[in-house]
Each structure stands twice: as structure tokens, then as C-alpha cells.
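Position in the sequence shown (first residue = 1) + 11 = the working numbering.
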Amino acid sequence: MRLDAVFRNGRFTTLDPERPTARALGVLGGRIAALDEELEGCTADAVIDMGGAHAVPGFNDAHHHLSLVGKGLRELDLSYEAVPTLDALYAAVAERAAALPADAWMLGAGYDQNKLGAHPTAEALDKAAQGRPVWLVHTSHHMGVASTEAFRRAGCTGLTAVPDVPGGHVVRTADGRAEGLLQETAMQVVERALRPEPASEWTANIATGARAALAVGLTSVTEPGIGVTDGIGNGPADLDAYLRVRERGELGVRMTVMPYITALHDCGVFEPESRWYGLDLGLRTGFGDEWLRIGPTKLMSDGSLIGRSAAMCCDYHDSPGNSGLLQHEPERIRHYITEAHRCGWQIATHAIGDAALDIVLDAYEEAQRLHPRADVRHRVEHAAVTSAAQVARIAALGLIPVPQGRFLSEIGDGLLTALGPERSQRAYRMRAFLDAGIELPGSSDAPVVAADPLLGIHDMVNRRTASGAPIAPHEAVTAYEALRAYTVGSAHAVHEEHLKGTLTRGKLADFTVLSDDLLGVPAEALATLTVGATVVGGRIAHDAGALTAS
Numbered sequence: 012m013r014l015d016a017v018f019r020n021g022r023f024t025t026l027d028p029e030r031p032t033a034r035a036l037g038v039l040g041g042r043i044a045a046l047d048e049e050l051e052g053c054t055a056d057a058v059i060d061m062g063g064a065h066a067v068p069g070f071n072d073a074h075h076h077l078s079l080v081g082k083g084l085r086e087l088d089l090s091y092e093a094v095p096t097l098d099a100l101y102a103a104v105a106e107r108a109a110a111l112p113a114d115a116w117m118l119g120a121g122y123d124q125n126k127l128g129a130h131p132t133a134e135a136l137d138k139a140a141q142g143r144p145v146w147l148v149h150t151s152h153h154m155g156v157a158s159t160e161a162f163r164r165a166g167c168t169g170l171t172a173v174p175d176v177p178g179g180h181v182v183r184t185a186d187g188r189a190e191g192l193l194q195e196t197a198m199q200v201v202e203r204a205l206r207p208e209p210a211s212e213w214t215a216n217i218a219t220g221a222r223a224a225l226a227v228g229l230t231s232v233t234e235p236g237i238g239v240t241d242g243i244g245n246g247p248a249d250l251d252a253y254l255r256v257r258e259r260g261e262l263g264v265r266m267t268v269m270p271y272i273t274a275l276h277d278c279g280v281f282e283p284e285s286r287w288y289g290l291d292l293g294l295r296t297g298f299g300d301e302w303l304r305i306g307p308t309k310l311m312s313d314g315s316l317i318g319r320s321a322a323m324c325c326d327y328h329d330s331p332g333n334s335g336l337l338q339h340e341p342e343r344i345r346h347y348i349t350e351a352h353r354c355g356w357q358i359a360t361h362a363i364g365d366a367a368l369d370i371v372l373d374a375y376e377e378a379q380r381l382h383p384r385a386d387v388r389h390r391v392e393h394a395a396v397t398s399a400a401q402v403a404r405i406a407a408l409g410l411i412p413v414p415q416g417r418f419l420s421e422i423g424d425g426l427l428t429a430l431g432p433e434r435s436q437r438a439y440r441m442r443a444f445l446d447a448g449i450e451l452p453g454s455s456d457a458p459v460v461a462a463d464p465l466l467g468i469h470d471m472v473n474r475r476t477a478s479g480a481p482i483a484p485h486e487a488v489t490a491y492e493a494l495r496a497y498t499v500g501s502a503h504a505v506h507e508e509h510l511k512g513t514l515t516r517g518k519l520a521d522f523t524v525l526s527d528d529l530l531g532v533p534a535e536a537l538a539t540l541t542v543g544a545t546v547v548g549g550r551i552a553h554d555a556g557a558l559t560a561s
């Protein structure tokens, strides 16, 4: 047999219990055709020497805003590493604004008031940007700060005219003037003036995000929200943008995209006595191919922990009188979930607070009772604060929780402050989900935190904040379990375990080459590993010098 490529002299961890390791891997038509002794007698168009490097199945991020990662890389970086103080933030805004055309928007993202001490204000941004419109998005992407000119461009005649928005919050002074900070759905006031962006901008964001994903070893990504202009996506042609990038050969990484729930609608009579709720032509979860496919529909139920807007059963530890808020009324959440479930969708509902989680679990349970379906795998994105009873209920309902390991370090100190010592013991559970028999996926929620799966795996195992404080250490998992989450678990979360997750004959030839053995280094050294190459479909999509072709 003549193969397209053979990768030899490697040390593959396959995660296939029938063949846990391999030294050589052959590729035909983008699939794994043979391993080790099965390659005897085969020839190949290309032979790649791995030089003894370790490799694992391609990393798969189950919740990664690839388009926003690309967008952030093309805008002003406001991360703590880039701007460690508010004064530094304002200086960066001033420098960037001075280089822009007079009528251009000054856009940036990634600031965290938990580290800076406070949110920026409209008044200070007015001064820094010399009157230009400014829109700065918080690292959680659940809030942002606008300048006075940004509000004016959005149709507000003054700071007292900024409207309230159901499911959101406009922070105001005592006399009713907007301070600049918009939380949750209130962000739409400004973002509707910015979106949809031109196709050239959004396709550039996607292509940039794809390159960044490949550089950290990702071969598959699930994009949680496209198709609308309210901060979840860019606009109604988002899928077309992904197609354009793919057609130009710039996608590189395999994509599963989640249409946001408000992009779904009543399409009329589907068959006698039945109406279709979803996308036109009956498009739903599963449509597409191994490069670009429609996954679950995304629904937001509440906000964020570090923004103190997730819907909690009790007040935040450091914010008496505040227990967060829902983005939709409970009945609306129930309606969205029931209708989407009835029409064959897998559903991924963002639920961070424990109060929001109860509402979502009730809705999932009711939808399945009214319209029974087998092996649906509805998801709970984040599932950030869960009681033992809620863990058991998630398992009993066959749901998939999608927590983020990297949150524990990058924003963990803010989580501890928001939750307090008792409730933080229930934060971003992982061990409890595994012990309940749940297939745990791996995810980052980038650009909220770094997209690098190796950093996420490190935090899933070590569970310490940036300051070194332990955060629910009893929820730690092993390196093997974390690797399985970022491969098998994430494939399972979108019904693709038959294609991905293990290096098995017949599956996609996607793997990540590492600087050392992920399962052999000490737990504290996991974050020091690096990606030497990323191979997608047997093609070297990113190479940092680890591979030699002949």
C-alpha cells in the first residue's frame, strides 16, 4: 500500500486502550491507516522523522471563541500583563487612539478590574482618547466600558440617555448618568453600533484565531456562539465567513460552530401538524463535514463570576445585596430549550451560578420528558458553582458539564474573593464529575483566559490561583484524565468520538507533538511543556522545528 505520509521515530500516546502507545503512524486520505507493524511493506509519498518526540491526540477545545481570539489579537491588548494598572490602561488607550484616524473607534479587550482595582470610566476614556469613541471589553466578555462618544455613536444623546436593558445592568452615578460600564445584555447598547463588521474584518479575525489555535496544539475547536450581533457572534452571515476562510485554505483547524439561540426561529410548517424551530431548511446540529459543522445551539442563562453577575442562590461574598441576574426570564429559558430540543438540536446553555443551573436543569428535564430523545448530550457551559445534588442530577440527566481549568489560575483569585471560602469549594468541579461517571471535556473559554491546552491541563491537575492559593484542591484530576478531557472528552461533547480523541486506525490523523512526555513529567512542570508541531489530517499545519521530512 502506498500512503500519503508516514510519521516515524515518534513516541505516540494514543489513548486507545487496545494500543496505548506507538512508534510510527501512517496516513492515507487524512485518516490513520496503520500503526507500527501494520506499516510493514507500505511506501509513502512523504516520510517525516519525529526524532523521538512525544505526541498525543490533537488537542480539542470544547469552548473556545476562536473568532474573538483573532479579533483580540488584532486590537489593543488590555490584559494584566500588558497594562498592570489603570494608569497604564489609559496610557495605552491614548497611544493607540493617537495613531487612529479622527473618526475611528478605539477598540480593546482583556482588562480585569479584580487586578486593576477598578473599572475604567467614560470620563477618563474621553480624556485619554481625545474624544474618540472607545469600547473596552472586560476579560470575561460579559461587560465592557464605553466612552461618551461611543454612547453618542450608539444613538444616546447623553450619558443620562443610556437606556436600561432587560437582563443587563448600566452602572450609573447618583444623578443617573452612565459611568461607562455596561454589564451583560446592556453591552448591546454599544455593540449594535459596531456589528456586523465588514466580512473582510471578520474573516481576518477567524484566520488569525485559527493560526493562534494551531500554534498551541489545537486541531479542533468548538466556537460557542455565531449568527447574531449581541456579543455572541458578529452577524447573520457568520457561517459564510467561516466558509470563506476555509475556501481560502486559511482555516487549518477543524471547527464546530454553535448558532446562538436567537438565530433560531419558527420556520413554519415542517410536516403535517408539526412546526420547525431552528434554522431555515431544517439545518440543525450535525450538519457539515469533518472540517466545518453545525454543533449545539448556544443559550446564555446568566453572567460571570468575576463580574458578580452570575445568578447565585446567595449573595456574593464581597457584594452584599447582589446575587447576580438572569439574562432571560425562567419561562423564556424553558421555551428556548424545549423548542430547540423538540426539533433535534443539541443545546449548550451557559450557566455559571447555582441558581441559574437549577433553572437550566429543570428545563432540560422537562424537554426530555415532553419529547424523549436518545443520547442527546445537552451541555452546561461552565457549570461553575455546583452542589453535590446538582452534580448527581447532571449525571442522571446525561448532560455534559464544560468547566474551564485555566480559570483557576488566571482569574482564580477573583473567584475566591467573589465566592468566599465555603462556596469556593464547589467551584469548577472536575473530580466530582468524573466520579459521577461523566465524560469531562477540556476547554478554555479563550479569549477570557489563555487558549493553550497545556496551561489548562496544568491547572486541572494543580488547581492553584495566580497568587498560589489552592482552589478546591479535592477537585483535581490526574494528567491522564486532563489529557483525556482535552481529546476524548471534547470529541464526545459534540458527538465526534468516532472521528477524534484517540490515535486509532480509521480516525482522523490529528495529533500534537510536545517537548516532553505529558504523562511523565512532574505535575508542577506541565505548564513548561511546549508544542513542537501540530498535525491535522496528516498535514503539518504548524511546525516549531520538531519534525524533519524526507
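Glycine included, C-beta positions come from ideal geometry on N, C-alpha and C. Quick caveat: nothing in here was measured; it's all calculated off a predicted structure.
For this session: Count the other C-beta atoms from every protein chain shown that fall within 10 angstroms of the C-beta of V280, then say buried if there are 16 or more, exposed otherwise.
Result: Burial call: exposed.
Exercise. Which word fits Y491, buried or exposed, when buried means at least 16 other C-beta atoms lie within 10 angstroms of its C-beta?
Worked result: Under a 10 Å Cβ-count criterion, Y491 is classified as exposed, with fewer than 16 other Cβ atoms of the shown protein chains found around its own Cβ.
For this session: Please determine if the stretch 277 to 297 and the stretch 325 to 340 are in contact, where contact requires at least 3 C-beta pairs separated by less than 8 Å.
Result: No, because fewer than three Cβ pairs between the stretch 277 to 297 and the stretch 325 to 340 fall closer than 8 Å, the two stretches do not touch.
Exercise. Counting pairs of Cβ atoms below 8 Å between the stretch 516 to 525 and the stretch 58 to 69, do you hit three or more?
Worked result: Touching, yes, given that three or more Cβ pairs across the two stretches are closer than 8 Å.
Exercise. Mind checking whether G119 and L87 have CB atoms under 7 Å apart?
Worked result: Between G119 and L87, the C-beta spacing is below 7 Å.
Exercise. Residue range of the beta strand (DSSP E) that I348 falls in?
Worked result: Here I348 belongs to no beta strand (DSSP E); instead the alpha helix (DSSP H) covers P341 to R353.
Exercise. Per DSSP, V396 forms a beta bridge with which residues?
Worked result: Per DSSP, A438.
Problem set entry | alpha helix (DSSP H) segment containing N125, residue limits | Here the alpha helix (DSSP H) through N125 covers Q124 to L127.
Exercise. Exposed or buried, what is T25 when buried is set at 16 or more other beta-carbons lying within 10 Å of its beta-carbon?
Worked result: T25 is buried by the Cβ-count criterion.
Exercise. What first and last residue would you give for the beta strand (DSSP E) that runs through Q194?
Worked result: Residues A189 to E195.
Problem set entry | C-alpha gap between Y375 and E340, whole angstroms | For Y375 and E340, the gap between their C-alpha atoms comes out near 15 Å.
For this session: Identify, in the order they occur along the chain, each residue of the same chain with its Cβ nearer than 8 Å to the Cβ of R255, setting aside the five sequence neighbours on each side.
Result: Here the set comprises A210 and T214.
Exercise. Going by C-alpha distance, which of M117, P207, R343 and L147 is nearest Q194?
Worked result: Among M117, P207, R343 and L147, the Cα nearest to that of Q194 belongs to L147.
For this session: Output the distance between the C-alpha atoms of R30 and K511, rounded to the nearest integer angstrom.
Result: The alpha-carbon separation between R30 and K511 amounts to approximately 15 Å.
Exercise. Alpha carbon to alpha carbon, how far is A447 from I317?
Worked result: C-alpha separation (whole angstroms): 27 Å.
Exercise. Which value, in whole angstroms, describes the spacing of the CA atoms of D554 and G21?
Worked result: D554 and G21 have their C-alpha atoms spaced approximately 15 Å apart.
Problem set entry | Per DSSP, cross-strand counterpart(s) of W146 | DSSP links W146 through a beta bridge to L118 and A157.
Exercise. Per DSSP, which one or two residues make a beta bridge with T360?
Worked result: Beta-bridge partners of T360 (DSSP): L310 and V391.
For this session: Give the secondary structure of W287 by DSSP, where H, G and I count as helix, E and B as strand, and everything else as coil.
Result: Of the three classes helix, strand and coil, the one that applies to W287 here is strand, per DSSP.
For this session: Label H180 either buried or exposed according to how many other C-beta atoms from any shown protein chain fall within 10 Å of its C-beta, with 16 as the threshold for buried.
Result: Under this definition H180 is a buried residue.
Problem set entry | Nearest-angstrom Cα separation, counted from H328 out to G364 | If I take the Cα positions, the gap works out to 13 Å.
Problem set entry | Residues that F522 bridges to, as DSSP identifies them | DSSP lists P68 and V546 as partners of F522.
Problem set entry | Three-state class that DSSP yields for T25 in the structure shown | Reduced to three states, the DSSP call for T25 is strand.
For this session: Report yes if the CB atom of D527 is closer than 7 Å to the CB atom of L514, and no otherwise.
Result: In this structure, L514 does not lie closer than 7 Å to D527 by Cβ.
For this session: Can you tell me which of R265, A321 and P207 puts its alpha carbon nearest to the alpha carbon of W302?
Result: Between W302 and the set R265, A321 and P207, the nearest pair of CA atoms involves R265.
Exercise. Do you know how far the Cα of T150 is from the Cα of A129?
Worked result: The alpha-carbon atoms of A129 and T150 are separated by roughly 13 Å.
Exercise. Opposite H553 in the DSSP bridges: which residues?
Worked result: DSSP, once it has assigned bridges, lists T545 as partnering H553.
Problem set entry | Of the listed residues R34, H503 and L79, nearest to R222 (C-alpha basis) | It is L79 whose Cα lies nearest to the Cα of R222.
Exercise. When we look at the beta-carbon of C325 and count the other beta-carbons within 10 Å, is it buried (16 or more) or exposed?
Worked result: C325 is exposed by the Cβ-count criterion.
Problem set entry | L537 to L292 span [Cα, whole Å] | A direct Cα-to-Cα measurement between L537 and L292 gives close to 46 Å.
For this session: Report the three-state DSSP secondary structure of F10 (helix, strand or coil).
Result: Nothing in the structure corresponds to residue 10, since the chain is present only between 12 and 561.
For this session: Using 10 angstroms around the beta-carbon of M12, count the other beta-carbons present and answer buried if the total reaches 16, otherwise exposed.
Result: Exposed is the call here.
For this session: Pick out whichever of D424, V402 and A461 has its Cα sitting closest to the Cα of L410.
Result: Per the Cα distances, V402.
Exercise. Hey, how far is the Cα of S398 from the Cα of R437?
Worked result: Distance between the alpha carbons of S398 and R437 is about 6 Å.
For this session: Starting from D369, follow the alpha helix (DSSP H) in both directions and report where the run begins and ends.
Result: Element bounds for D369: D365 to L381.
For this session: Starting from E202, follow the alpha helix (DSSP H) in both directions and report where the run begins and ends.
Result: Counting along the chain, the alpha helix (DSSP H) containing E202 begins and ends at Q199 to L205.
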